[in-house]
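This report concerns only the one structure given below.
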Ligand code: NAD
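Residue numbers (my numbering): 1 to 428.
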């Protein structure tokens, strides 16, 4: 995988151009939606524990807010770029629209590796990020959330800084907060569970029983862990997972052909989703190269790590047994690989549909925070299931009716809704 030549924003724009043609959008709508409405890039000085000052680069992109305030996570990642944030903000717009929640798309990031930062330094980074943006984001304009390598604790520091600047309590400013501090029950599970609600519906449609299926998962973080939890509860078996190894600066796959034991693996996994290699070996896992997850003889490969993982080079390694690819991560498949998947007639649940459970629950959290009234977990997960299931059914019905690939069908619904909102507001 050539990360250097891969540009997620070009990929997001290519996907948009394709659907704009299908929808026959006029030039003004295309120009409006092809690029973000607003972008912020800024420096965040942080006094480090040794007394020196490090300058971190931060970003926030607001792609479109025609359907409601922008919503989207903040990543801390050493390879973060403005183009990654742009792409993710655009995908957030489509994601909120496909599940029909009244929010637009935004995304944020910082070029930073929290592995190398103390808790105090991370707190300063969070507070610094908010200080740079305090007048450009907020509960009625743009609501951040966690993403890769950011947590509930980071969100609480950010909320605290925002409230200190503006005065008063505004828990609706940010989501992904700790439960008991304005967080929603079910938020931790939401993305992974949401992925599996769509898998359950897809398998029904393909007339396959979940208990007859086997999956391989890339990544072992928040999304992967809860997706595996629910998938195994509905009867599926996961035989391989992979993760990044910080020490070796490479990824590894962990395979157990009779099925992984989620709880035993969680006991030897750190908060970044890194499985301890030596301990996994003791537990009887085969340690394979990082790319091995995609080559496994499974029904469902489930990428749940980062972008650009199923590319022209790796798509050829997908096993002939595969029936459905489930994009739990954002942007895991490149347009070239997408064509191959369509040609091979593999059912695909596209990222912005599959992983929309996170933002849907974030929306529930925001509603609860604004009301200052919190729901029981079953109520949250029940509402989540309803939203995800109806979104999946709408996309798959359109795909069948118009003979579209699932990604195109999801795009037609999402982009169509956003374009209509822009027209209704008189913007175009
Ligand atoms: P996370 O930080 O909790 O976990 C990421 C996992 O991916 C870790 O196990 C890490 O080791 C692994 N990883 C990183 N690079 C890898 C590589 N090159 N090969 C194999 N494994 C690798 O992140 P997460 O919250 O689980 O998010 C995963 C994906 O899902 C991202 O694309 C994210 O944008 C997307 N997503 C997350 C949410 C959410 O609510 N957390 C919502 C929607 C989409």
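Even glycine gets a Cβ: it sits at the ideal position worked out from N, Cα and C.
A quick note: this is a predicted structure, and the numbers were derived from the prediction, not measured.
Exercise. What residue range is occupied by the uninterrupted alpha helix (DSSP H) comprising residue 329?
Worked result: By one-based count along the chain shown, residue 329 stands at place 329. The continuous stretches of alpha helix (DSSP H) do not include residue 329, and DSSP gives it neither H nor E.
Exercise. Helix or strand or just coil, what does DSSP make of residue 221?
Worked result: Position 221 of the chain shown holds residue 221. Coil at residue 221, not helix or strand.
For this session: If I'm right that residue 112 touches residue 56 with Cβ under 8 Å, what's the distance once you round it to whole angstroms?
Result: As a working note, residue 112 is residue 112 in the chain shown. As a working note, residue 56 is residue 56 in the chain shown. With a Cβ gap of about 5 Å, residue 112 and residue 56 count as contacting.
For this session: Measure from the alpha carbon of residue 428 to the alpha carbon of each residue in 292, 66, 9, 280, then state which is nearest.
Result: In the chain shown, residue 428 corresponds to position 428, counting from 1. The option with the nearest alpha carbon to residue 428 is 66.
For this session: To the nearest angstrom, report how far apart residue 426 and residue 69 are at their CA atoms.
Result: For the purposes of this step, residue 426 is taken as the residue at position 426 of the chain shown. For the purposes of this step, residue 69 is taken as the residue at position 69 of the chain shown. Going by the C-alpha atoms only, they are around 17 Å apart.
Problem set entry | Span of the beta strand (DSSP E), counted from its first residue to its last, around residue 348 | The residue labelled residue 348 in the question sits at position 348 within the chain shown. Start and end: 347 to 349.
For this session: Give me the Cα-Cα distance between residue 194 and residue 397, rounded to the nearest whole angstrom.
Result: The count along the chain shown starts at 1 and reaches residue 194 at position 194. The count along the chain shown starts at 1 and reaches residue 397 at position 397. As the crow flies, the alpha-carbon of residue 194 is around 19 Å from that of residue 397.
Problem set entry | Every unbroken beta strand (DSSP E) within the stretch 37 to 90, with a cutoff of 3 residues, ordered by chain | 38 to 47, 53 to 64, 70 to 77
Exercise. Using the C-alpha atoms, what's the distance from residue 34 back to residue 18?
Worked result: Position 18 of the chain shown, counted from the start, is the residue given in the question as residue 18. Position 34 of the chain shown, counted from the start, is the residue given in the question as residue 34. Answer to the nearest angstrom: the Cα atoms are 11 Å apart.
For this session: Can you check DSSP and say which residues form a bridge with residue 291?
Result: Here residue 291 is taken as the residue at index 291 of the chain shown, counted from 1. Its beta-bridge partners do not exist; DSSP assigns none.
For this session: Grab me the residues of residue 1's own chain with a C-beta within less than 8 Å of its C-beta, minus the 5 sequence neighbours each way, in chain order.
Result: Translated into positions along the chain shown, residue 1 becomes position 1. Its pLDDT being 38, under 50, residue 1 is placed unreliably in this model, and the coordinates cannot settle the point.
For this session: Using a threshold of 8 Å, state whether the C-beta atoms of residue 9 and residue 87 are closer than that.
Result: As a position in the chain shown, residue 9 is number 9, starting the count at 1. As a position in the chain shown, residue 87 is number 87, starting the count at 1. Contact: yes.
Exercise. Between the beta-carbon of residue 109 and the beta-carbon of residue 143, is there less than 8 Å?
Worked result: Numbered from 1 along the chain shown, position 109 holds the residue referred to as residue 109. Numbered from 1 along the chain shown, position 143 holds the residue referred to as residue 143. No, the Cβ-Cβ distance between residue 109 and residue 143 is not below 8 Å.
Exercise. Within 7 Å: the Cβ of residue 70 and any heavy atom of ligand 1?
Worked result: Here the question's residue 70 lines up with position 70 in the chain shown. No, the beta carbon of residue 70 sits no closer than 7 Å to any heavy atom of ligand 1.
Exercise. When you compare only the Cα positions, how much space is there between residue 145 and residue 62?
Worked result: Locating residue 145 in the chain shown gives position 145, where the first residue counts as 1. Locating residue 62 in the chain shown gives position 62, where the first residue counts as 1. Between residue 145 and residue 62, the C-alpha separation is close to 14 Å.
Problem set entry | When 245, 188, 215 are compared against residue 235, the one with the closest alpha-carbon | On the chain shown, position 235 is the one that residue 235 refers to. Per the Cα distances, 215.
Exercise. In its own chain, which residues sit with a C-beta less than 6 Å from the C-beta of residue 273, not counting the 5 before and 5 after it?
Worked result: Within the chain shown, residue 273 is the residue found at index 273, counting from 1. The residues are 220, 221, 243.
Exercise. Under 8 Å, do residue 211 and residue 255 count as touching if we go by C-beta distance?
Worked result: For the purposes of this step, residue 211 is identified with residue 211 of the chain shown, where counting begins at 1. For the purposes of this step, residue 255 is identified with residue 255 of the chain shown, where counting begins at 1. Their beta carbons are not under 8 Å apart, which means residue 211 does not touch residue 255 by this criterion.
Exercise. What's the C-alpha gap between residue 451 and residue 94?
Worked result: With the chain covering 1 to 428 only, the question about residue 451 has no answer from this structure.
Problem set entry | For residue 244, the residue or residues it bridges with in DSSP | Taking the first residue of the chain shown as 1, we reach residue 244 at position 244. Answer by DSSP bridge pairing, in chain order: 251.
For this session: Measure the beta-carbon distance from residue 485 to residue 179 and round it to whole angstroms, keeping in mind my assumption that it falls under 8 Å.
Result: Because the chain here runs from 1 to 428, residue 485 falls outside it and cannot be looked at.
Exercise. Between the Cα of residue 325 and the Cα atoms of 196, 370, 371, 39, which residue gives the shortest distance?
Worked result: Numbered from its first residue, the chain shown carries residue 325 at position 325. Answer by Cα proximity: 196.
Exercise. Given residue 36, which residues of its chain have a CB within under 8 Å of its CB, disregarding the five upstream and five downstream residues?
Worked result: Here the question's residue 36 lines up with position 36 in the chain shown. Taken in chain order, the residues that qualify are 61, 62, 63, 64, 86, 89, 90.
Problem set entry | Residue of 42, 164, 22, 182 minimising C-alpha distance to residue 371 | Residue mapping note: residue 371 aligns to position 371 of the chain shown, counting from 1. For residue 371, the nearest C-alpha among the options comes from 182.
Problem set entry | Every unbroken alpha helix (DSSP H) within the stretch 343 to 409, with a cutoff of 4 residues, ordered by chain | You should have 351 to 354, 357 to 371, 377 to 401.
For this session: Tell me whether the beta-carbon of residue 121 lies closer than 8 Å to the beta-carbon of residue 49.
Result: Walking along the chain shown from the start, residue 121 turns up at place 121. Walking along the chain shown from the start, residue 49 turns up at place 49. In this structure, residue 49 lies closer than 8 Å to residue 121 by Cβ.
Exercise. Between the beta-carbon of residue 205 and the beta-carbon of residue 240, is there less than 8 Å?
Worked result: Locating residue 205 in the chain shown gives position 205, where the first residue counts as 1. Locating residue 240 in the chain shown gives position 240, where the first residue counts as 1. No, the Cβ-Cβ distance between residue 205 and residue 240 is not below 8 Å.
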